[in-house]
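Here is the structure we will look at, set down as structure tokens.
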Amino acid sequence: MWQKKISRLLAFVGLMAVIHGFVYVHHTPPQKKFPYQEMGFTKEQAATYLLNRFTFGPRPGEVDAVAKEGIEHWFYRQLAGNQLDTAVDNQLQHLYIDASSLSLEEMVNTYPTNGEVVALARKMGVIEKGDTSISKPAYREKLKAFMQQQGFKPIAELEKQLIVQKIIRAAYSNNQLQEVLTDFWFNHFNVSLTKPNCAPYVLAYERDAIRPHILDNFDALLLATAQHPAMLTYLDNAGSVSNNNSIEAKRLERWAQTPNNNDKPFKKRASEGLNENYAREVMELHTMGVDGGYTQQDVTTLAKILTGWAIYPMFKNGPAYQQLEKTTPEQLEKRGFVIQNGFFFRPNKHDDSPKTFLGQYFPANGGYKEGITALEMLAHQPTTAKFISTALAKHFVSDTPSSALIQQMTQTFLKTNGSIKSVLITMVNSPEFWNPNNQIAKIKSPFELAISTIRATNAQVNMPYQIFYWCNKMGQKFYYYQAPTGFPDRADYWINTGSLLSRMNFGLAFASQKIPGITLNLPALNNNHEPESVDAALKIYSAILLPARDNTQNIQRIAALIHDADLNQKLAQAANQHNNNNYNNYISIPEMDTTVPTHTVQPLQTNNPPPSLSQVVGVIIGSPEFQRK
Amino acid sequence: MNRRIFMRNGALALFAAGIGGVPNFIAKAATAGNKFIKPFQKRKTLVCIFQRGAMDGLMAVSPYADPNLKMMRPTLYMSPAKTEGSMIDLDGYFALHPSLQAFARLFQNKQLAIEHGVGSPNPTRSHFDAQDFMESGTPFNKGTESGWLNRAIGLMGKPATPFSAVSITSALPRSFYGSNEALAISNLNDFAIQMRGNPLAGKVAANSFEALYDNTSSQLLQKTGKESFEAMKMLNVNNLKQYAPKAGIVYPNSALGNALKQIAVLIKMDVGLEVAFAESGGWDTHVNQGTINGILGRNLKDFSDSIAAFWEDIAAHQDEVTVMTMTEFGRTVHQNGTGGTDHGRASCLFVLGNDVQGGKVYHQIKSLAKEDLEDQRDLPVSTDFRSVFSAVANTHLNIHQNNILFPDWNGNDIPIMRYS
Chain B
20 MWQKKISRLL AFVGLMAVIH GFVYVHHTPP QKKFPYQEMG FTKEQAATYL
70 LNRFTFGPRP GEVDAVAKEG IEHWFYRQLA GNQLDTAVDN QLQHLYIDAS
120 SLSLEEMVNT YPTNGEVVAL ARKMGVIEKG DTSISKPAYR EKLKAFMQQQ
170 GFKPIAELEK QLIVQKIIRA AYSNNQLQEV LTDFWFNHFN VSLTKPNCAP
220 YVLAYERDAI RPHILDNFDA LLLATAQHPA MLTYLDNAGS VSNNNSIEAK
270 RLERWAQTPN NNDKPFKKRA SEGLNENYAR EVMELHTMGV DGGYTQQDVT
320 TLAKILTGWA IYPMFKNGPA YQQLEKTTPE QLEKRGFVIQ NGFFFRPNKH
370 DDSPKTFLGQ YFPANGGYKE GITALEMLAH QPTTAKFIST ALAKHFVSDT
420 PSSALIQQMT QTFLKTNGSI KSVLITMVNS PEFWNPNNQI AKIKSPFELA
470 ISTIRATNAQ VNMPYQIFYW CNKMGQKFYY YQAPTGFPDR ADYWINTGSL
520 LSRMNFGLAF ASQKIPGITL NLPALNNNHE PESVDAALKI YSAILLPARD
570 NTQNIQRIAA LIHDADLNQK LAQAANQHNN NNYNNYISIP EMDTTVPTHT
620 VQPLQTNNPP PSLSQVVGVI IGSPEFQRK
Chain G
244 MNRRIFMRNG ALALFAAGIG GVPNFIAKAA TAGNKFIKPF QKRKTLVCIF
294 QRGAMDGLMA VSPYADPNLK MMRPTLYMSP AKTEGSMIDL DGYFALHPSL
344 QAFARLFQNK QLAIEHGVGS PNPTRSHFDA QDFMESGTPF NKGTESGWLN
394 RAIGLMGKPA TPFSAVSITS ALPRSFYGSN EALAISNLND FAIQMRGNPL
444 AGKVAANSFE ALYDNTSSQL LQKTGKESFE AMKMLNVNNL KQYAPKAGIV
494 YPNSALGNAL KQIAVLIKMD VGLEVAFAES GGWDTHVNQG TINGILGRNL
544 KDFSDSIAAF WEDIAAHQDE VTVMTMTEFG RTVHQNGTGG TDHGRASCLF
594 VLGNDVQGGK VYHQIKSLAK EDLEDQRDLP VSTDFRSVFS AVANTHLNIH
644 QNNILFPDWN GNDIPIMRYS
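Protein chains in written order, with the numbering used here: chain B, 20 to 648; chain G, 244 to 663.
Here it is, written out as structure tokens:
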């Protein structure tokens, strides 16, 4: 009896904890302090660390604001992710970034693939079959006119919209953690614009499969990605089909009972074949990890379990759509088809044989449900818990997170049915997270560098695509990473000789507003006080761009260089020697030729015009310290 | 100490000795005109060219003597006959497309070999998947993180210079993915610290950066920073013009021509290039591919003229360089209803170099009769692409670890290279 009482009491306490936890997250300020003080962080350092980890970089004054608010309160507010984002909405509207408001079906019908356009144009007789006289440009013109007439827009426009919205949201959203996690999970469940058939779905994928689930339970996120047309195309599961089912068997039976069937031999369905790509990657890359304890047999079995998981035809002018129009969705559902937001389960393409997956027996005729069960199993594997916790820790803490931290996160993952939110809460409450060695342990990806620069300088970005161009130059053509691994999440991938010079050049180009569409007001960052010397400028702007960091050594190093009269002398000499040959080609940008005098350059004096403010800021952005976070 | 590390240290010592107290960057600028010291002599370079979109191997190097071809390609068939396109006969069975004129001499010189019927054992006809497989070198495994050329770089030991592996493309190609350092750059002129409109300020900035990176507590940033500035000085964009092609060598003004021109600069500069990568597009000829002067003909002309110009440009280095082309698959034997060809299986590739046993079309093609085709429509893959890649890379770059270069494959190399 007493045991029962105690267990009831425990249940009650547990319930209260849950309720309390719920209220705690959403309404009252959190009581439990993050263990930063005992780990040697000041409040400002702690705020900076959190801002570096859970946003795309602090904006001017933000460190103080977060410290004042209380870092715990700020963190839970970010977890809730419900801040108003009027500025983002306005800017997207201003830039005509509107594709996000289309349904998946509208998107597919607005931005058809080139293949779909050509097929339709041919069908409608716009492009004549076998017409060999037409030249390539004329052919393109014809297609372009056809697209306009049909109200189609080029798919490149959709891709551009996807890129621009990411930049604008990352730079300006108040719900920064949402953006950081969207970036993280997209990369974890990578799909790519390099695959043409996948491209029309990528924007919707990020919006519908990733975004709503970034802090959800992991199984929900996994399922949403598994069923999205983007993933179904990217890793080919949409084409993985089997005839091993009762529908096909009945067809054969009907044929066998037809009199004189020898005249009409049984026609097998044209496409048949297992494709293991998704089945393999979902285990290797999305859930259990390569050494997660599955076998090749499990890969093949999972591929069989997922046969018939396909894409619902949405392109209204396509043959598959028109074929389907003959049947109502209700009729299809009655026959075992499943239709939901672009996903389509086709029982006539599903392998209905009995199977054993990861040691669990799946009886025959499991249909659609067995795929759900299998993915659920994957989401809850202990190796998955560890694999996901490791990935999160690598992203949010350091490239080499401590095993103690990973273990704590793994435990939470297993206890909470894979609640991503709970795993993150465990992480920030762990002293391991607050190890001072982690403070600037991560190297920013090119995207993180670009966005943190925009944020740190309060820059206005009027041509966001230019940022994409620079990210590409620095080694991150986001949305175009071809392999399902996603970009490797570690410093040595990002840092190599070519990319490092590009990062420095980015800093210089950005600060001097040579990147089209960037508007900066550097003096405003210092309340329009002009620094009285280069040294002062260095000091002030280092503190603005790299808050709560010890910048003294950096400042001394740069200041010494800028004041080195000898160096300036050498510079001028070098320049003079060079003017005779090809000094002007130092930079292959035409306008430069007009600015470099062909006559003798005067040696610079120590008191000659000092480097401009933009140069100073450019050097800070390109400096090693600004690459770290 | 392995050879390459020794060279590296040697090069650094020379740097230091030559430069003294003057900042390196300025010393280089001041001594412009002198060819940079050459610590990396006799280095072998493999240049890979990916023809994205799937080249029609049956028209590029046509088995014109097979009577089936004419039947299946009523308007696309070509042969050495004047009335049928004046192809360049190679061996009485195969003939080169007339646009590949530039290759004919290289073939006669036995520097150019052709492998026909080559492709992937994975029957996918998706460009994306087939390119992915060909570049990762693992035709049945999507999850392979690295590209085959990156693994090749790794097998050569620690890179001696930052220019060991360079792709003249804007983004890193799949072939270069991996843990060994590889560079993607679309324009060598970008390899400098630049202040638009203010080169002097650019130099001050470069010096500031160099000092800052030298001073950082992040080992990775410090090391890579040092290498970046070394690389910048080695390349010295001021000097690029000196390595421009000699008069008379004309590269086509195309993406491939420009890329190969820049690869030639790196080779002539002796900066330690070992694996180079370039690509060419527009091979997906579903519609109106044409014959002599069609879309394919124009592409083939650009392709072969670019390679021939490159070969002439690096005349002094030909012993050290091998060029290998690749394309994800071939095209249907039948022409389609729109004067083009659709996605097929096998295509052909070209290997050029003094190490190459050239002047021959290597193949194991049976015939183009329907019963000899894959799915009764496509030239079957009779040569696994890895048996060519492996032969070229292993011989030319002197690496012999196929378990790493091409895991899951234990086929034999095609004897396309001279074994020393």
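Yeah, the Cβ is synthetic: ideal placement off N, Cα and C, and Gly gets one too.
First and last residue of the uninterrupted beta strand (DSSP E) at residue i
i: G/L355; result: 355-362
i: B/I470; result: Here B/I470 belongs to no beta strand (DSSP E); instead the alpha helix (DSSP H) covers 465-475.
i: G/K603; result: 603-605
i: G/M399; result: Where G/M399 is concerned, there is no enclosing beta strand (DSSP E), given that its DSSP letter is neither H nor E.
Contact with chain G by residue i, beta-carbon distance below 8 Å
i: B/D11; result: As shown, chain B starts at 20 and ends at 648. That puts residue 11 of chain B outside it, with no answer to give.
i: B/M250; result: no
i: B/R576; result: yes
i: B/V107; result: no
i: B/P616; result: Note on B/P616: pLDDT 34, under 50, position unreliable in the model; no value is reported.
i: B/R72; result: no
i: B/I514; result: yes
i: B/Q646; result: yes
i: B/R649; result: Beyond the ends of chain B as shown, which are 20 and 648, falls residue 649 of chain B; an answer cannot be given.
i: B/P503; result: yes
i: B/Y498; result: no
Delimiting residues of the alpha helix (DSSP H) encompassing residue i
i: B/T402; result: 401-415
i: B/V439; result: This sequence places Ile at residue 439 of chain B; Val is not what is there. From DSSP, the alpha helix (DSSP H) with B/I439 extends over 439-448.
i: B/E91; result: 90-99
i: G/I557; result: Neither: G/I557 is in no alpha helix (DSSP H) and is coded neither H nor E.
i: G/F346; result: 344-351
i: G/F293; result: That residue, G/F293, is in no alpha helix (DSSP H); its beta strand (DSSP E) goes 288-294.
i: B/T504; result: Note, B/T504: premise wrong, no alpha helix (DSSP H); not H, not E.
is_contact[residue i, chain B] using C-beta, thresh 8 Å
i: G/Y307; result: no
i: G/P282; result: Because the pLDDT of G/P282 is 43, which lies under 50, any placement of that residue in the model is unreliable, and the number read from its coordinates should be weighed accordingly. No, its Cβ sits nowhere closer than 8 Å to a Cβ of chain B.
i: G/F434; result: yes
i: G/S198; result: Residue 198 of chain G is absent from the structure shown; chain G starts at 244 and stops at 663.
i: G/A454; result: yes
i: G/D226; result: Absent from the structure is residue 226 of chain G, since the part of chain G shown begins at 244 and ends at 663.
i: G/F371; result: yes
i: G/I428; result: yes
i: G/Q437; result: yes
i: G/M475; result: yes
i: G/L616; result: no
Partner residues on chain D for residue i, Cβ-Cβ distance less than 9 Å
i: G/I357; result: Absence of chain D from the displayed structure is noted, the protein chains being B and G.
Given residue i as reference, the closest of the options once Cα atoms are compared
i: B/T326; options: B/D370, B/V183, B/Q501; result: B/D370
i: G/S460; options: B/G505, B/S633, B/D569, B/V636; result: B/D569
i: G/V518; options: G/V635, G/D334, G/K313, G/G360; result: G/V635
i: B/N545; options: B/K434, B/E551, B/I559, B/E467; result: B/I559
i: B/R273; options: B/R96, B/P455, B/K286; result: B/K286
Opposing strand residues paired with residue i [DSSP bridges]
i: B/K374; result: B/F381
i: B/T723; result: The first residue shown for chain B is 20 and the last is 648, placing residue 723 of chain B beyond what the model contains.
i: G/L622; result: G/L622 pairs with nothing; no bridge assigned.
i: B/N236; result: B/S438
i: G/D627; result: G/G362
i: G/F593; result: G/I357
i: B/R647; result: B/I462
i: B/Q479; result: B/T538
At least 3 beta-carbon pairs within less than 8 Å: the stretch 515-526 of chain B vs the stretch 638-646 of chain B: yes
Touch test, the stretch 375-383 of chain B against the stretch 405-422 of chain B, Cβ-Cβ under 8 Å, three pairs minimum: no
Contact the stretch 436-456 of chain G vs the stretch 379-399 of chain G: 3+ CB pairs below 8 Å: no
The stretch 316-335 of chain G contacting the stretch 553-566 of chain G, beta-carbon criterion three pairs below 8 Å: Of all C-beta pairs linking the stretch 316-335 of chain G to the stretch 553-566 of chain G, fewer than three are shorter than 8 Å, placing the two stretches out of contact.
Contact the stretch 565-575 of chain G vs the stretch 589-596 of chain G: 3+ CB pairs below 8 Å: Verdict: yes, contact present.
contact_flag[the stretch 437-444 of chain G, the stretch 542-551 of chain G] where n(CB pairs < 8 Å) is 3 or more: no
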